[in-house]
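K.L.:
Handing you a structure now.
There are 2 protein chains.
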Amino acid sequence: MFSFELYSKDPKSNARRGQLRTNHGTVQTPVFMPVGTNMTVKTLDAFDLTSLGAEIILSNAYHNYLRPGDVRVASMGGVHQMMAWKRSLLTDSGGFQIFSLKGLRKISEEGVKFQSHLSGERHFLSPERVVELQRNLGSDIMMPLDHCIELPSEKQKVLEAAQRTLRWLDRAVKQPRNEGQALFGIVQGGIDAQIRTFSAKETIERDLPGYSIGGLSVGEEKNAMMEMIEVCTEILPHDKPRYLMGVGTPRDLIEGVYRGVDMFDCVMPSRNARNGTLFTSEGKVNIKKAQYSEDQTSLDPDCSCHTCKNFTRAYLHHLFRCNEILGLRLNTIHNIHYYLELMRKVRESLDQGRFSEFYRQWISSQV
Amino acid sequence: MFSFELYSKDPKSNARRGQLRTNHGTVQTPVFMPVGTNMTVKTLDAFDLTSLGAEIILSNAYHNYLRPGDVRVASMGGVHQMMAWKRSLLTDSGGFQIFSLKGLRKISEEGVKFQSHLSGERHFLSPERVVELQRNLGSDIMMPLDHCIELPSEKQKVLEAAQRTLRWLDRAVKQPRNEGQALFGIVQGGIDAQIRTFSAKETIERDLPGYSIGGLSVGEEKNAMMEMIEVCTEILPHDKPRYLMGVGTPRDLIEGVYRGVDMFDCVMPSRNARNGTLFTSEGKVNIKKAQYSEDQTSLDPDCSCHTCKNFTRAYLHHLFRCNEILGLRLNTIHNIHYYLELMRKVRESLDQGRFSEFYRQWISSQV
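Residue numbers (this note's numbering), protein chains in the order written: chain A, 2 to 368; chain B, 2 to 368.
As structure tokens, then:
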């Protein structure tokens with residue numbers, strides 16, 4: 002039920018054009034996946050996402066596990082049914098959220114003990130339970146529990162985390178899934194090329210339907226991140242999708258595609274929208290600034306989204322200043338549209354065999 | 002440019018069926034006007050309101066005066082242009098908001114001094130300035146500054162406020178307005194039938210295009226409010242629209258229509274929505290309650306709104322518990338739809354000459 006078809010490769014870069022097929026339809030790649038933490042991409046419903054052209058979204062296993070609970074979600078037909086989302090759904094493993102928790106969290110070979118950030122209640126998740134959790138959520142693409150680390154970390158610690166991630170993966174793959182639910186492998190290894198290479202080679206030995214590149218965009222230099230992406234995509238098989246987890250800025254996406262990444266997710270467009278930072282064809286706009294209070298132009302003259310077609314910068318500024326929820330929503334619609342539209346342009350340039358040209362022009366326009 | 006046509010009167014009550022015509026189209030009455038305080042009915046944009054079937058909305062002069070400022074709104078083409086609303090717009094005078102302010106506010110014959118609830122900055126509004134303000138906003142229907150009082154108040158105070166309201170009205174009508182902008186008169190008089198009678202008779206002497214019933218739903222008994230409505234509609238001319246300001250519950254609307262009111266506005270549907278209190282054909286639902294956590298039915302099986310057509314009570318409960326903005330929006334869509342649909346049913350029953358029957362059935366269904 003799950004498949005990936007590679008349509009074409011860019012002759013002058015590692016960029017790829019392809020298509021995922023899941024239980025819930027097809028997804029054109031390279032693709033950006035908006036993040037719907039609590040079964041909503043904040044301020045938007047499933048119909049808004051469909052209107053925006055999203056073909057796949059990400060939801061967080063950790064949040065759904067705590068609220069409303071994966072067993073409850075399962076009893077209500079899964080995340081798709083509950084949020085009325087008809088297209089593809091990827092869930093993360095919760096690993097990254099749990100490793101980011103400030104309070105108690107204790108890692109053992111068995112799994113992860115942690116306290117809920119909501120109630121302080123104690124929980125335990127094993128690699129097996131994390132697969133069961135995502136099975137309950139009804140994910141089309143699921144992630145295994147991985148051992149995430151802070152950067153910088155000592156080499157030995159990075160290696161041990163990568164090794165544990167592999168052992169946990171081997172336990173995860175044995176856990177039953179529903180028909181068509183694809184479990185990806187996650188490559189770890191911090192910013193150490195040797196450990197990344199080890200992790201990538203070992204992970205592909207497991208012959209999984211797709212591969213994630215984890216543990217990046219956690220504070221390291223951009224160059225280091227790009228180098229690690231290159232190390233991974235060099236090793237990962239061409240006939241399987243590559244997913245760069247939690248990345249990133251529009252530029253990160255373009256650079257990732259250039260290096261052979263097919264899938265991205267990030268809270269940046271939605272979170273920035275709620276902070277009033279908007280992505281436009283002419284650079285970032287901070288809509289809070291007084292200079293926009295009487296600006297009757299649309300946010301981005303090159304944009305065809307609902308917000309840009311119908312409202313002025315002055316109105317968005319006014320709504321933001323008044324803390325009006327509608328402002329957060331209109332901003333989110335625009336930023337998500339910006340990311341999805343950027344990827345549509347990337348795919349179009351790949352289809353037309355002119356991605357390298359698009360890449361150069363886009364990068365130079367950002368300076 | 003402004004007109005009111007009375008289509009029909011219910012034979013067994015004072016209910017009326019009519020149509021307003023403004024610079025921005027027609028409005029079928031009786032009508033409920035959603036409240037868009039800061040140029041947004043909270044969580045909704047103008048297109049949402051159009052989809053919901055709203056033909057007229059109310060915006061608050063006081064809030065628009067403070068932020069972004071009426072002169073700025075005028076320079077940007079008015080409220081219609083700024084919020085992309087193509088249909089009719091009524092604005093209040095700001096009087097009620099100013100009289101509700103806790104801090105400094107000082108009334109003199111000249112006008113009202115007050116401090117902004119946002120910045121503490123001092124302001125002064127006269128009856129003349131209040132008309133200019135609404136002219137700047139581009140309102141289709143504007144309200145004169147009126148002297149609002151608390152209830153209960155001494156008879157002498159109630160009478161003086163009603164008299165001042167009349168003197169302020171006489172100043173307001175002399176202030177220039179744009180073509181087609183209708184200025185209503187406001188009947189005051191607390192819950193004193195004698196003063197209400199005086200105020201109504203004096204106000205209609207000014208021969209205005211419509212009449213508002215102000216100063217009700219401020220804590221008095223329901224019976225007193227209903228009696229005052231009856232006193233006013235008895236006196237107000239049949240060929241002019243009657244607007245009951247700031248009212249009320251669904252039942253208040255039905256009772257108001259029964260007594261001859263044509264127009265209503267209230268924050269109740271939108272504010273309750275944000276508190277999780279939802280109006281349904283089977284009574285109020287408090288979506289926060291744990292009993293809805295696994296309720297896979299739609300909020301109201303009799304409702305055709307976006308929320309009820311597509312989502313379950315369990316999803317609305319989940320969104321509310323997670324403080325998700327989408328929950329507030331889906332709740333608002335439903336509650337506004339409920340109010341607008343109620344008025345559509347009222348108009349339909351009037352068109353079919355069976356309003357009294359509808360009224361009896363509806364009231365008895367609410368017990």
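The C-beta atom is built at its ideal place from N, Cα and C for all residues, glycine as well.
(1) Let me know the secondary structure DSSP gives M144(A) once reduced to three states.
(2) Given a cut-off of 8 Å on the beta-carbon distance, is the pair F185(A) and Y244(A) in contact?
(3) Quick check on I326(A) - is its C-beta less than 8 Å from some C-beta in chain B?
(4) Would you give the residue range spanned by the alpha helix (DSSP H) that R252(B) belongs to?
(5) Would N273(B) count as contacting chain A if we go by Cβ distances under 8 Å?
(6) Across the stretch 321 to 335 of chain A and the stretch 347 to 359 of chain A, are there enough close Cβ pairs to call them in contact, namely three or more that are closer than 8 Å?
(7) Verify the CB distance criterion: does S305(B) have a CB-CB separation below 8 Å to chain A?
(8) Alpha carbon to alpha carbon, how far is P31(A) from C304(B)? Give it in angstroms, no decimals.
(9) Using CA coordinates, which residue listed in L119(B), S120(B), S127(B) is at the minimum distance from K107(B)?
(10) Can you pull the chain A neighbours of R68(B), defined as C-beta to C-beta under 9 Å?
(11) Nearest chain A C-beta to Q29(B) closer than 8 Å, yes or no?
(12) Scan the stretch 323 to 357 of chain B and note each continuous alpha helix (DSSP H) run of 4 residues or more that stays entirely inside, going in chain order.
(13) Report the option in T308(A), R275(A), M34(A), G261(A) whose CA atom is closest to the CA atom of T92(A).
(14) Assign H239(A) to buried or exposed, taking buried as 16 or more other Cβ atoms, counted over all protein chains shown, within 10 Å of its Cβ.
(15) Tell me the rounded alpha-carbon separation between I150(A) and I255(A).
(16) Quick one: does S294(B) have its CB under 8 Å from some CB of chain A?
(17) Are R330(B) and T44(B) closer than 8 Å when you measure CB to CB?
(18) Can you check the stretch 57 to 114 of chain B for any alpha helix (DSSP H) of at least 4 residues that lies completely inside it and give the ranges in chain order?
(19) Below 8 Å between beta carbons: does that hold for Q135(A) and A62(A)?
(20) For F199(B) and V219(B), I'd like the C-alpha separation in whole angstroms.
(21) Under DSSP, the beta strand (DSSP E) around S5(B) begins and ends at which residues?
(22) Does Q43(A) come within less than 8 Å of chain B when only Cβ atoms are used?
(23) Please list, in chain order, all residues of the same chain as E111(B) whose beta carbon is under 7 Å from its beta carbon, the five residues on each side excluded.
(24) Using only the alpha-carbon positions, how far apart do L146(B) and G96(B) sit?
(25) Which residues of the stretch 52 to 85 of chain B have a Cβ closer than 7 Å to any Cβ of chain A? Give them in chain order.
(26) What is the C-beta distance between P242(B) and G19(B), in whole angstroms, given that I count them as a contact (C-beta under 8 Å)?
(27) Is the CB-CB distance between D71(A) and N137(A) below 8 Å?
(28) Rounded to the nearest angstrom, what separates F370(B) and I142(A) at their Cα positions?
(29) Could you name the residues of the same chain whose beta carbon sits closer than 7 Å to that of Q367(B), not counting the 5 residues immediately before and after it, in chain order?
(30) Give the secondary structure of I192(A) by DSSP, where H, G and I count as helix, E and B as strand, and everything else as coil.
(31) If you draw a straight line from the alpha carbon of M226(A) to that of H338(A), how long is it in whole angstroms?
(32) Taking Q297(B) as the query, report the chain A residues whose CB atoms sit under 7 Å from its CB, ordered along the chain.
(33) Enumerate, from N- to C-terminal direction, the unbroken alpha helix (DSSP H) stretches of 4 or more residues contained entirely within the stretch 150 to 180 of chain A.
(34) Once the 5 residues before and after D296(B) are set aside, which same chain residues still bring their CB inside 8 Å of it?
(35) Tell me the DSSP secondary structure of S127(A) in three-state form.
(36) So Y212(A) contacts chain B; which residues on that side make the cut at Cβ distance below 9 Å?
P.N.:
Concretely, from the data shown:
(1) Sequence index remark: in the first sequence, residue 144(A) carries index 143 (1-based). Three-state result, M144(A): coil.
(2) Counting from 1 along the first sequence, the entry for residue 185(A) is found at position 184. Counting from 1 along the first sequence, the entry for residue 244(A) is found at position 243. Yes.
(3) Numbered from its first residue, the first sequence carries residue 326(A) at position 325. Taking Cβ atoms only, chain B reaches closer than 8 Å to I326(A), which makes this a yes.
(4) For this step, residue 252(B) is matched to residue 251 along the second sequence. Where R252(B) is concerned, the enclosing alpha helix (DSSP H) stretches over 251 to 259.
(5) Within the second sequence, residue 273(B) is the residue found at index 272, counting from 1. Chain A, which has no Cβ nearer than 8 Å to the Cβ of N273(B), makes this no.
(6) No, the stretch 321 to 335 of chain A is not in contact with the stretch 347 to 359 of chain A.
(7) Stepping through the second sequence from its first residue, residue 305(B) is reached at position 304. S305(B) does not count as touching chain A.
(8) The residue you call residue 304(B) lines up with position 303 of the second sequence. The residue you call residue 31(A) lines up with position 30 of the first sequence. The straight-line gap separating the alpha-carbon atoms of C304(B) and P31(A) is approximately 40 Å.
(9) Position 106 of the second sequence, counted from the first residue, corresponds to residue 107(B). The shortest Cα separation from K107(B) among L119(B), S120(B), S127(B) belongs to S127(B).
(10) In the second sequence, residue 68(B) corresponds to position 67, counting from 1. Correct list: H319, R322, C323.
(11) Against the second sequence, residue 29(B) aligns to sequence position 28. No, its Cβ sits nowhere closer than 8 Å to a Cβ of chain A.
(12) Complete alpha helix (DSSP H) runs here, min 4: 326 to 352.
(13) Counting from 1 along the first sequence, the entry for residue 92(A) is found at position 91. The alpha carbon of T92(A) has as its nearest neighbour, out of T308(A), R275(A), M34(A), G261(A), the alpha carbon of M34(A).
(14) Residue 239(A) sits at position 238 when you count from the first residue of the first sequence. Under this definition H239(A) is an exposed residue.
(15) One-based indexing of the first sequence puts residue 150(A) at position 149. One-based indexing of the first sequence puts residue 255(A) at position 254. Their Cα atoms are separated by approximately 26 Å.
(16) By 1-based counting over the second sequence, the position of residue 294(B) is 293. Yes, S294(B) counts as interfacial toward chain A.
(17) Locating residue 330(B) in the second sequence gives position 329, where the first residue counts as 1. Locating residue 44(B) in the second sequence gives position 43, where the first residue counts as 1. Going by C-beta atoms, R330(B) is nearer than 8 Å to T44(B).
(18) List check, alpha helix (DSSP H) in window: 62 to 67, 71 to 76, 79 to 84, 96 to 101.
(19) Position 134 of the first sequence, counted from the start, is the residue given in the question as residue 135(A). Position 61 of the first sequence, counted from the start, is the residue given in the question as residue 62(A). With respect to the 8 Å criterion, Q135(A) and A62(A) are classified as neighbours on the basis of their beta carbons.
(20) For the purposes of this step, residue 199(B) is taken as the residue at position 198 of the second sequence. For the purposes of this step, residue 219(B) is taken as the residue at position 218 of the second sequence. As the crow flies, the alpha-carbon of F199(B) is around 20 Å from that of V219(B).
(21) Working through the second sequence from its first residue, we reach residue 5(B) at position 4. Checking the sequence, you will find Phe at residue 5(B) rather than Ser. 4 to 10 is the extent of the beta strand (DSSP E) around F5(B).
(22) For the purposes of this step, residue 43(A) is taken as the residue at position 42 of the first sequence. First, the residue type needs correcting, since residue 43(A) is Lys and not Gln in the sequence shown. Interface annotation, K43(A): in contact with chain B, CB-CB separation under 8 Å.
(23) Against the second sequence, residue 111(B) aligns to sequence position 110. So the list reads S127, once near-sequence residues are dropped.
(24) Along the second sequence, one-based indexing puts residue 146(B) at 145. Along the second sequence, one-based indexing puts residue 96(B) at 95. Computed Cα separation, rounded: 6 Å.
(25) For the stretch 52 to 85 of chain B, which is checked against every Cβ of chain A, the residues closer than 7 Å are R68, P69, R73, S76, M77, M83, M84, A85.
(26) Along the second sequence, one-based indexing puts residue 242(B) at 241. Along the second sequence, one-based indexing puts residue 19(B) at 18. Contact between P242(B) and G19(B) is confirmed by a C-beta separation of about 7 Å, below the 8 Å threshold.
(27) The residue labelled residue 71(A) in the question sits at position 70 within the first sequence. The residue labelled residue 137(A) in the question sits at position 136 within the first sequence. Taking C-beta atoms as the reference points, D71(A) and N137(A) count as a pair closer than 8 Å.
(28) A query on residue 370(B) cannot be resolved here, the shown segment of chain B reaching from 2 to 368 and no further.
(29) Taking the second sequence and counting its residues from 1, the one referred to as residue 367(B) is at position 366. Annotation for Q367(B): R252 place their beta carbon closer than 7 Å to its own, counting only its chain and skipping 5 residues before and after.
(30) The residue given as residue 192(A) occupies position 191 in the first sequence. Residue state, collapsed to three classes: coil.
(31) Taking the first residue of the first sequence as 1, we reach residue 226(A) at position 225. Taking the first residue of the first sequence as 1, we reach residue 338(A) at position 337. Going by C-alpha positions, M226(A) is about 26 Å away from H338(A).
(32) Here the question's residue 297(B) lines up with position 296 in the second sequence. Ordered by position in chain A, the residues that pass the 7 Å Cβ test against Q297(B) are M77.
(33) Annotation: the stretch 150 to 180 of chain A contains the following complete segments of the alpha helix (DSSP H) (minimum length 4 residues), in chain order: 156 to 174.
(34) If you number the second sequence from 1, residue 296(B) lands on position 295. So the qualifying residues of the chain are T313, R314, A315, H318.
(35) Taking the first residue of the first sequence as 1, we reach residue 127(A) at position 126. Here S127(A) sits in coil by DSSP.
(36) Position 211 of the first sequence holds residue 212(A). Chain-ordered listing is empty here: chain B has no CB closer than 9 Å to the CB of Y212(A), the nearest sitting near 31 Å.
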